[in-house]
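Data block below; observations after.
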Amino acid sequence: MNFPEPSLVPVNGVKLEVFEAGRRNAGRPIVLCHGWPEHAYSWRHQMPALAKAGYHVIAPNQRGYGNSSRPTEVTDYDIAHLSGDLVALLDHYGYEDATFVGHDWGAMVVWGLTLLHPRRVNRVINLSLPYQERGGTPWIELMEAVLGGDFYFVHFNRQPGVADAVFDENTYRFLRNLYRKNVPLREPQPGMALIDLARAQAPLGEPVMSDSELAVFVSAFESTGFTGSVNWYRNLDRNWHLLADVDPIIHQPTLMIYGDRDTITKSDRLAEFVPNVDVVTLDCGHWIQQEKPEGTNQAILNWLERQDAR
0 MNFPEPSLVP VNGVKLEVFE AGRRNAGRPI VLCHGWPEHA YSWRHQMPAL
50 AKAGYHVIAP NQRGYGNSSR PTEVTDYDIA HLSGDLVALL DHYGYEDATF
100 VGHDWGAMVV WGLTLLHPRR VNRVINLSLP YQERGGTPWI ELMEAVLGGD
150 FYFVHFNRQP GVADAVFDEN TYRFLRNLYR KNVPLREPQP GMALIDLARA
200 QAPLGEPVMS DSELAVFVSA FESTGFTGSV NWYRNLDRNW HLLADVDPII
250 HQPTLMIYGD RDTITKSDRL AEFVPNVDVV TLDCGHWIQQ EKPEGTNQAI
300 LNWLERQDAR
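What follows is the structure, given as C-alpha coordinates:
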(Lines of atoms letter the chains of each structure in order from A and count residues from 1; the text may use other names and numbers.)
(Lines give C-alpha, C1' and ligand atoms only; values in the text may rest on other atoms or scores of the structure.)
Protein backbone atom coordinates (compact mmCIF):
# COMPACT_ATOMS: atom_id res chain seq x y z
CA MET A 1 0.00 0.00 0.00
CA ASN A 2 1.23 3.50 -0.86
CA PHE A 3 1.67 4.96 2.62
CA PRO A 4 2.82 8.60 2.97
CA GLU A 5 6.44 9.44 3.65
CA PRO A 6 6.87 10.75 7.21
CA SER A 7 8.36 13.92 8.56
CA LEU A 8 9.93 14.45 11.99
CA VAL A 9 8.10 17.20 13.87
CA PRO A 10 9.59 18.75 17.05
CA VAL A 11 6.92 18.97 19.78
CA ASN A 12 6.93 19.24 23.57
CA GLY A 13 10.61 18.42 23.95
CA VAL A 14 10.54 15.36 21.66
CA LYS A 15 10.26 14.62 17.94
CA LEU A 16 7.29 12.76 16.48
CA GLU A 17 7.33 10.82 13.23
CA VAL A 18 4.21 12.14 11.49
CA PHE A 19 2.42 10.86 8.41
CA GLU A 20 0.03 13.16 6.54
CA ALA A 21 -2.60 12.95 3.83
CA GLY A 22 -4.78 15.66 2.33
CA ARG A 23 -2.51 18.63 3.04
CA ARG A 24 -4.54 20.50 0.43
CA ASN A 25 -7.41 20.38 2.93
CA ALA A 26 -5.68 22.66 5.42
CA GLY A 27 -8.18 23.97 7.95
CA ARG A 28 -9.99 20.66 8.47
CA PRO A 29 -7.62 18.67 10.68
CA ILE A 30 -8.25 15.16 11.93
CA VAL A 31 -5.61 13.47 14.09
CA LEU A 32 -5.38 9.67 14.23
CA CYS A 33 -3.90 8.14 17.39
CA HIS A 34 -2.78 4.51 17.27
CA GLY A 35 -2.88 1.95 20.07
CA TRP A 36 -0.52 -0.73 21.44
CA PRO A 37 1.51 -2.37 20.07
CA GLU A 38 0.77 -0.49 16.89
CA HIS A 39 2.02 2.22 14.59
CA ALA A 40 0.54 5.04 12.53
CA TYR A 41 0.43 2.46 9.72
CA SER A 42 -2.60 0.93 11.46
CA TRP A 43 -4.58 3.84 9.93
CA ARG A 44 -3.47 3.03 6.36
CA HIS A 45 -7.06 2.28 5.26
CA GLN A 46 -8.54 5.41 6.82
CA MET A 47 -6.05 8.06 5.72
CA PRO A 48 -6.90 8.13 1.99
CA ALA A 49 -10.67 7.97 2.65
CA LEU A 50 -10.54 10.88 5.09
CA ALA A 51 -8.32 12.93 2.78
CA LYS A 52 -10.71 12.29 -0.10
CA ALA A 53 -13.56 13.49 2.12
CA GLY A 54 -11.80 16.82 2.59
CA TYR A 55 -9.78 16.39 5.79
CA HIS A 56 -6.16 17.18 6.57
CA VAL A 57 -5.17 13.83 8.06
CA ILE A 58 -2.37 13.78 10.63
CA ALA A 59 -1.21 10.40 11.96
CA PRO A 60 1.72 10.52 14.38
CA ASN A 61 3.77 7.69 15.74
CA GLN A 62 3.41 8.74 19.35
CA ARG A 63 6.39 8.90 21.70
CA GLY A 64 7.93 5.47 22.21
CA TYR A 65 6.97 4.24 18.74
CA GLY A 66 8.62 4.06 15.32
CA ASN A 67 11.11 6.83 14.64
CA SER A 68 9.57 9.12 17.25
CA SER A 69 11.55 9.94 20.38
CA ARG A 70 11.81 7.30 23.11
CA PRO A 71 12.62 9.03 26.40
CA THR A 72 14.22 6.83 29.05
CA GLU A 73 12.23 8.05 32.06
CA VAL A 74 9.02 6.10 32.69
CA THR A 75 7.19 9.24 33.83
CA ASP A 76 7.83 10.85 30.44
CA TYR A 77 4.99 8.65 29.12
CA ASP A 78 2.21 9.88 31.40
CA ILE A 79 -1.01 11.43 30.11
CA ALA A 80 0.31 14.96 30.65
CA HIS A 81 3.22 14.28 28.27
CA LEU A 82 1.20 12.24 25.74
CA SER A 83 -1.60 14.81 25.54
CA GLY A 84 0.97 17.62 25.55
CA ASP A 85 2.55 16.12 22.43
CA LEU A 86 -0.80 16.29 20.63
CA VAL A 87 -1.46 19.87 21.73
CA ALA A 88 2.00 20.86 20.49
CA LEU A 89 1.31 19.04 17.22
CA LEU A 90 -1.76 21.23 16.71
CA ASP A 91 0.37 24.29 17.47
CA HIS A 92 2.94 23.15 14.90
CA TYR A 93 0.28 23.09 12.17
CA GLY A 94 -1.38 26.28 13.39
CA TYR A 95 -4.64 24.66 14.48
CA GLU A 96 -6.65 25.79 17.48
CA ASP A 97 -8.51 22.48 17.63
CA ALA A 98 -9.11 19.27 15.70
CA THR A 99 -11.14 16.09 15.56
CA PHE A 100 -9.21 13.33 17.33
CA VAL A 101 -9.57 9.63 16.58
CA GLY A 102 -8.10 6.99 18.88
CA HIS A 103 -7.92 3.22 18.94
CA ASP A 104 -7.06 1.11 22.00
CA TRP A 105 -4.39 3.05 23.99
CA GLY A 106 -4.80 5.86 21.48
CA ALA A 107 -8.41 6.11 22.64
CA MET A 108 -7.22 6.36 26.25
CA VAL A 109 -4.96 9.25 25.22
CA VAL A 110 -7.79 10.97 23.31
CA TRP A 111 -10.11 10.66 26.33
CA GLY A 112 -7.38 12.13 28.55
CA LEU A 113 -6.50 14.87 26.06
CA THR A 114 -10.15 15.90 25.89
CA LEU A 115 -10.40 16.12 29.68
CA LEU A 116 -7.12 18.02 30.12
CA HIS A 117 -7.32 20.28 27.04
CA PRO A 118 -11.02 20.47 26.11
CA ARG A 119 -10.65 23.58 23.94
CA ARG A 120 -8.22 21.77 21.62
CA VAL A 121 -10.67 18.96 20.77
CA ASN A 122 -13.80 19.70 18.71
CA ARG A 123 -14.99 16.11 18.17
CA VAL A 124 -14.00 12.70 19.51
CA ILE A 125 -14.03 9.38 17.67
CA ASN A 126 -12.78 6.42 19.68
CA LEU A 127 -12.50 2.75 18.77
CA SER A 128 -12.52 -0.26 21.09
CA LEU A 129 -11.77 1.40 24.44
CA PRO A 130 -14.71 3.28 25.96
CA TYR A 131 -14.35 6.08 28.48
CA GLN A 132 -12.74 4.73 31.65
CA GLU A 133 -14.47 5.92 34.79
CA ARG A 134 -11.88 7.14 37.30
CA GLY A 135 -13.45 5.71 40.44
CA GLY A 136 -12.06 5.85 43.97
CA THR A 137 -9.10 3.45 43.59
CA PRO A 138 -6.07 3.85 41.29
CA TRP A 139 -6.51 1.70 38.18
CA ILE A 140 -3.58 -0.71 38.62
CA GLU A 141 -4.45 -1.20 42.28
CA LEU A 142 -8.02 -2.04 41.29
CA MET A 143 -6.96 -4.39 38.47
CA GLU A 144 -4.54 -6.20 40.78
CA ALA A 145 -7.29 -6.76 43.35
CA VAL A 146 -9.83 -7.96 40.79
CA LEU A 147 -7.75 -9.61 38.06
CA GLY A 148 -4.56 -10.64 39.86
CA GLY A 149 -0.86 -10.07 39.39
CA ASP A 150 -0.60 -11.91 36.06
CA PHE A 151 -3.04 -9.57 34.29
CA TYR A 152 -0.82 -7.80 31.79
CA PHE A 153 -1.51 -4.23 32.99
CA VAL A 154 -0.51 -5.30 36.51
CA HIS A 155 2.44 -7.43 35.38
CA PHE A 156 3.89 -4.55 33.34
CA ASN A 157 3.85 -2.39 36.49
CA ARG A 158 4.87 -4.88 39.16
CA GLN A 159 7.54 -6.68 37.13
CA PRO A 160 9.04 -3.93 34.93
CA GLY A 161 11.25 -5.13 32.11
CA VAL A 162 10.24 -8.81 32.25
CA ALA A 163 7.58 -8.80 29.53
CA ASP A 164 9.47 -6.22 27.42
CA ALA A 165 12.43 -8.59 27.18
CA VAL A 166 10.26 -11.50 26.06
CA PHE A 167 8.56 -9.34 23.41
CA ASP A 168 11.96 -8.08 22.19
CA GLU A 169 13.25 -11.66 21.87
CA ASN A 170 10.14 -12.82 19.97
CA THR A 171 9.05 -9.71 18.07
CA TYR A 172 7.85 -11.41 14.89
CA ARG A 173 6.17 -14.28 16.71
CA PHE A 174 4.49 -11.99 19.24
CA LEU A 175 3.02 -9.64 16.64
CA ARG A 176 2.06 -12.47 14.28
CA ASN A 177 0.25 -14.25 17.13
CA LEU A 178 -1.38 -11.06 18.41
CA TYR A 179 -2.76 -9.63 15.15
CA ARG A 180 -5.42 -12.30 14.69
CA LYS A 181 -9.17 -12.39 14.22
CA ASN A 182 -11.83 -15.05 14.76
CA VAL A 183 -9.75 -16.55 17.57
CA PRO A 184 -11.70 -19.39 19.22
CA LEU A 185 -12.73 -18.75 22.82
CA ARG A 186 -11.00 -20.85 25.46
CA GLU A 187 -10.64 -20.95 29.22
CA PRO A 188 -8.06 -18.53 30.67
CA GLN A 189 -4.74 -20.22 31.41
CA PRO A 190 -2.52 -19.54 34.44
CA GLY A 191 0.47 -17.26 33.89
CA MET A 192 0.97 -14.02 31.97
CA ALA A 193 -1.08 -14.41 28.79
CA LEU A 194 0.92 -12.04 26.56
CA ILE A 195 4.25 -13.66 27.47
CA ASP A 196 2.74 -17.03 26.62
CA LEU A 197 1.42 -15.57 23.36
CA ALA A 198 4.87 -14.23 22.43
CA ARG A 199 6.34 -17.71 22.89
CA ALA A 200 3.54 -19.70 21.24
CA GLN A 201 4.72 -21.65 18.20
CA ALA A 202 1.45 -21.53 16.27
CA PRO A 203 -1.05 -18.67 16.01
CA LEU A 204 -4.78 -19.15 16.52
CA GLY A 205 -7.57 -17.80 14.33
CA GLU A 206 -6.87 -15.91 11.11
CA PRO A 207 -4.39 -13.14 10.29
CA VAL A 208 -5.68 -9.57 10.43
CA MET A 209 -3.25 -8.41 7.74
CA SER A 210 -1.00 -9.61 4.95
CA ASP A 211 2.60 -10.67 5.55
CA SER A 212 3.89 -7.47 3.95
CA GLU A 213 1.67 -5.34 6.20
CA LEU A 214 2.74 -7.26 9.29
CA ALA A 215 6.35 -6.70 8.29
CA VAL A 216 5.91 -2.94 8.80
CA PHE A 217 5.00 -3.47 12.46
CA VAL A 218 7.68 -6.10 12.99
CA SER A 219 10.39 -3.91 11.48
CA ALA A 220 9.38 -0.95 13.64
CA PHE A 221 9.47 -2.90 16.91
CA GLU A 222 12.65 -4.77 15.99
CA SER A 223 14.23 -1.33 15.69
CA THR A 224 12.80 0.24 18.85
CA GLY A 225 12.06 -2.61 21.22
CA PHE A 226 8.89 -2.54 23.31
CA THR A 227 9.92 -0.71 26.49
CA GLY A 228 8.90 2.79 25.36
CA SER A 229 5.43 1.62 24.41
CA VAL A 230 5.00 -0.51 27.54
CA ASN A 231 5.92 2.53 29.63
CA TRP A 232 2.48 3.93 28.75
CA TYR A 233 1.01 1.19 30.98
CA ARG A 234 3.44 2.02 33.78
CA ASN A 235 1.82 5.45 34.16
CA LEU A 236 -1.74 4.32 34.62
CA ASP A 237 -1.90 5.06 38.35
CA ARG A 238 0.04 8.29 37.80
CA ASN A 239 -2.59 9.25 35.20
CA TRP A 240 -5.32 8.47 37.75
CA HIS A 241 -3.77 11.08 40.04
CA LEU A 242 -3.20 13.60 37.22
CA LEU A 243 -6.89 13.45 36.28
CA ALA A 244 -8.12 13.94 39.85
CA ASP A 245 -9.20 17.57 39.53
CA VAL A 246 -10.55 17.79 35.98
CA ASP A 247 -14.20 17.87 34.93
CA PRO A 248 -14.84 14.15 34.22
CA ILE A 249 -17.48 14.79 31.55
CA ILE A 250 -16.64 14.66 27.83
CA HIS A 251 -18.79 17.48 26.42
CA GLN A 252 -17.75 17.18 22.75
CA PRO A 253 -19.79 15.28 20.17
CA THR A 254 -18.41 11.74 20.28
CA LEU A 255 -18.58 8.58 18.19
CA MET A 256 -17.76 5.31 19.94
CA ILE A 257 -17.04 2.33 17.68
CA TYR A 258 -17.01 -1.14 19.24
CA GLY A 259 -16.10 -4.52 17.80
CA ASP A 260 -18.77 -6.94 18.94
CA ARG A 261 -16.15 -9.70 19.41
CA ASP A 262 -13.58 -7.47 21.09
CA THR A 263 -12.34 -8.75 24.45
CA ILE A 264 -12.52 -5.18 25.82
CA THR A 265 -15.82 -4.77 27.63
CA LYS A 266 -18.37 -2.26 26.38
CA SER A 267 -19.39 0.44 28.83
CA ASP A 268 -22.96 0.39 30.13
CA ARG A 269 -22.43 3.84 31.69
CA LEU A 270 -20.86 5.57 28.69
CA ALA A 271 -23.60 8.17 28.25
CA GLU A 272 -23.25 9.28 31.88
CA PHE A 273 -19.74 10.54 31.18
CA VAL A 274 -20.07 11.16 27.43
CA PRO A 275 -23.60 12.58 27.05
CA ASN A 276 -23.22 13.55 23.37
CA VAL A 277 -22.23 10.07 22.22
CA ASP A 278 -23.34 7.97 19.25
CA VAL A 279 -22.44 4.28 19.29
CA VAL A 280 -21.68 1.98 16.34
CA THR A 281 -20.86 -1.71 16.70
CA LEU A 282 -19.08 -3.60 13.91
CA ASP A 283 -18.85 -7.35 13.40
CA CYS A 284 -15.19 -7.78 14.32
CA GLY A 285 -12.70 -8.20 17.12
CA HIS A 286 -10.21 -5.79 18.65
CA TRP A 287 -8.28 -4.53 15.59
CA ILE A 288 -11.34 -2.69 14.33
CA GLN A 289 -10.00 -0.33 11.66
CA GLN A 290 -7.77 -3.07 10.21
CA GLU A 291 -10.32 -5.89 10.40
CA LYS A 292 -13.20 -3.85 8.99
CA PRO A 293 -11.62 -0.96 7.08
CA GLU A 294 -14.61 -0.17 4.87
CA GLY A 295 -17.10 -0.45 7.72
CA THR A 296 -14.91 1.76 9.90
CA ASN A 297 -14.53 4.36 7.15
CA GLN A 298 -18.26 4.39 6.49
CA ALA A 299 -19.10 4.77 10.19
CA ILE A 300 -16.64 7.64 10.64
CA LEU A 301 -17.50 9.50 7.44
CA ASN A 302 -21.26 9.16 7.91
CA TRP A 303 -21.00 10.46 11.46
CA LEU A 304 -18.76 13.38 10.48
CA GLU A 305 -21.16 14.29 7.68
CA ARG A 306 -24.07 14.34 10.13
CA GLN A 307 -22.08 16.52 12.53
CA ASP A 308 -21.23 18.97 9.75
CA ALA A 309 -24.91 19.19 8.79
CA ARG A 310 -25.94 20.30 12.30
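Anchor point for the sequence shown: position 186 equals 185 in numbering that gives the first Met the number 0, and the numbering is continuous, going up by one each time.
Ideal Cβ placement from N, Cα and C applies to all residues, glycine included.
Being a predicted model, the structure only gives us computed values, none of them experimental.
Query: Beta-carbon proximity list for P47, same chain, < 7 angstroms, skipping 5 on both sides; Result: A20
Query: Which of helix, strand or coil DSSP assigns to N66; Result: coil
Query: Alpha carbon of P217 to alpha carbon of W110, nearest angstrom; Result: First, the amino acid is wrong: residue 217 is Val here, not Pro. Spanning the two alpha carbons is a distance of roughly 28 angstroms.
Query: Cβ-Cβ distance between A197 and F173 below 8 angstroms; Result: yes
Query: Through-space distance from P70 to G258, alpha-carbon basis; Result: 33 angstroms
Query: Paired residues, beta bridge with T98 - DSSP; Result: I29, R122
Query: Sheet register partners of T280 (DSSP bridge); Result: Y257
Query: Segment limits, alpha helix (DSSP H) that includes I287; Result: 287-290
Query: Cβ pair V215, Y64 closer than 8 angstroms; Result: no
Query: Any beta strand (DSSP E) of 3 or more consecutive residues that is wholly inside the region 30-64; Result: 55-60
Query: Expected contact under 8 angstroms - CB spacing of I139 and V123 to nearest Å; Result: That belief does not hold up - the Cβ atoms of I139 and V123 are roughly 25 angstroms apart, past 8 angstroms.
Query: Best match in A79, L85, K180, R133 for proximity to I29 [C-alpha to C-alpha]; Result: L85
Query: Y171 versus A164: straight-line alpha-carbon distance, rounded; Result: 13 angstroms
Query: Beta-carbon proximity list for Y310, same chain, < 7 angstroms, skipping 5 on both sides; Result: A query on residue 310 cannot be resolved here, the shown segment of the chain reaching from 0 to 309 and no further.
Query: Inter-stretch contact (C-beta, 8 angstroms, three-pair minimum) for the region 112-128 and the region 95-104; Result: yes
Query: Beta carbon of S68 nearer than 8 angstroms to that of K14; Result: yes
Query: Length of the line joining the Cα atoms of E72 and W231; Result: 11 angstroms
Query: Supposed contact pair G12 and K180 - C-beta distance, whole angstroms, cut 8 angstroms; Result: Rounded, the Cβ-Cβ distance is 38 angstroms, inconsistent with contact.
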